[in-house]
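So for the sequence shown, the working numbering puts the first residue at 56; every next one is plus one.
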Amino acid sequence: MDAGVEFAEKMAASGGIFAVPTQLNPASIDLRHPEMMRVPDALLEKSRRLENAYLKMGAMPTWTCAPYQQGLIPSFGEQIAWGESNAIAFVNSVIGARTERYADLTDVCAAITGRVPELGLHVTENRKADTLFVIQDIPEHAFNNPRLFPLLGFVFGELAGDRIAALEGIPEQVSVDNLKAFSAAAASSGAVGLYHMIGVTPEAPDIDTCFPNGKPKDAPVITPEMIDSADARLNQGECAMPDLITLGCPHYSVDEFKLLVHYLGFRKINSGVEFWVFTSRCVYEQIKRLHLLDMIERSGVKVFTDGCALQYPKESWDFSCAMSDSAKYANYCFSQTGLNVILAGARDCVETAVSGQLRRAPLWK
Ligand code: F3S
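Encoded structure:
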């Protein structure tokens, strides 16, 4: 973090101003509710310095890893420079705007100069799929289960690596939140910056457009067994009952909060569990106006803005095991926080938190 603060302050002190509209990725912490997150003073002070430097250069204080679900949403074909892996995969694939996979700080340079190199995913001919994966034997009803999409994305990312791959077999009416979960998982298990879902994403309306020279003869399949294997590998270590449940990786949408309220009803979270949800300031204001926030907070769930689900101040908490609905979170949890993790659906997370006993419904039920 020190290098990032130093870089931002140096840029701001040198008169750096963002030449194009610039949004901010999550801070590591909740800048508006630091006491609720038990943020130590030293970390808060560095975060404030980072905040001040970027605001001085003209950034919008969006602080979100899901910038595509609020405010300044790019349009199809627009050239942009984004620097968060789930957002890059989503905006390239689902919206069809064009960004390379910018590393931290190179995105800042792009914002100051208003320029990017004309290469990679900015260029039409580099956006074609060279591989096809085909979903096979996954029962139709399973696509209604939000648990499927993070796992599907995880398997797809493992297979695709850094290739641009297409996927056949996703129902056309897939929800935006499921595409968000797929993008985040694929970009965490592979270096996926762009994917094409046949009949779903805008650059792949059908197989012929996606593969003008003919459908690849060798199209590996994704099967229920591969999904089960990913599920088993993402549920790491021994964990009888989580003491931290985290949703919002990537940041939760209004629709996801509505579902959360539905799952919670008027019940309260068990006293032995911290239940956290991460979102953007924009979505936070919307759920406040819709009176969803009141209902959620009354149950004992804490809603954080600005921060990253994996970057909370670990030294201020003494958790032993985490649970989440995000495959990206599960993939990075142990390496980032030292906690074993349980991957489940949001409904399972709620039932576990309320009952104080681990609940994890079978995936294919
Ligand atoms: Fe967002 Fe942090 Fe997850 S940046 S996608 S909450 S790892």
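Just so it is clear, CB atoms sit at the ideal spot from N, CA and C, and this is done for glycine as well.
One alpha carbon belongs to phenylalanine 131, the other to glycine 151, and they sit about 5 Å apart.
Counting only residues of its own chain and dropping the five nearest sequence neighbours on each side, proline 267 has no CB closer than 7 Å to any other CB. If you draw a straight line from the Cα of alanine 385 to the Cα of leucine 394, it is about 10 Å long.
Taken in chain order, the complete alpha helix (DSSP H) segments of 4 or more residues contained in the stretch 110-170 are 140-145, 161-168.
For histidine 196, the CB stays at least 8 Å from every heavy atom of the ligand F3S. Around glutamate 139, the same chain offers Asn80, Cys120 as residues with beta carbons nearer than 7 Å, after the five sequence neighbours per side are excluded.
Nearest in C-alpha terms to glutamine 124, of all of Asp310, Glu106, Gly113, Leu203, is Asp310. Note on geometry: alpha-carbon atoms of valine 229 and glutamate 223 lie some 13 Å from one another. For leucine 203, the three-state secondary structure derived from DSSP is helix. Take the alpha-carbon of threonine 117 and the one of arginine 336: they are about 7 Å apart. Tyrosine 367: not part of any alpha helix (DSSP H); DSSP gives it neither H nor E.
For histidine 251, the number of other beta carbons within 10 angstroms of its own is at least 16, and it is reported as buried. In this structure, phenylalanine 237 lies away from glycine 269, with their beta-carbon atoms at least 9 Å apart. For tyrosine 339, DSSP records no beta bridge to any residue.
Judged by beta-carbon spacing, serine 326 lies beyond the 9 Å limit of leucine 234, meaning their Cβ atoms are not closer than that value. Across the set His346, Arg153, Ala184, Leu99, the C-alpha of Leu99 shows the shortest separation from the C-alpha of aspartate 361. Isoleucine 167 and glycine 113 have their alpha carbons spaced roughly 10 Å apart. In the DSSP assignment, glycine 59 falls within the alpha helix (DSSP H) that extends over 57-68. Residue range 231-244 is occupied by the alpha helix (DSSP H) that includes alanine 242. Using a Cβ-Cβ distance cut-off of 8 Å, the stretch 372-388 and the stretch 287-299 are in contact, since at least three pairs of beta carbons, one from each stretch, lie closer than that value. With contacts defined as CB atoms closer than 9 Å, isoleucine 193 and isoleucine 135 fail to qualify as a contacting pair. Taken through DSSP and simplified to helix, strand or coil, methionine 350 comes out as helix. Taking the Cα of proline 226 as reference, the smallest distance to any Cα among Pro260, Ser243, Ala274 is reached at Pro260. If you draw a straight line from the Cα of leucine 413 to the Cα of leucine 319, it is about 16 Å long. The three-state reading of DSSP puts isoleucine 282 in helix, counting H, G and I together. The residue among Phe312, Leu187, Ala197 with its C-alpha nearest the C-alpha of isoleucine 262 is Leu187. Shown here for lysine 101: same chain residues with a beta carbon closer than 8 Å to its own, the five before and five after excluded, namely Met56, Asp57, Val60 in chain order. A distance of 9 Å or more separates the beta carbons of alanine 241 and phenylalanine 198. In the DSSP assignment, phenylalanine 188 falls within the unbroken beta strand (DSSP E) covering 186-190.
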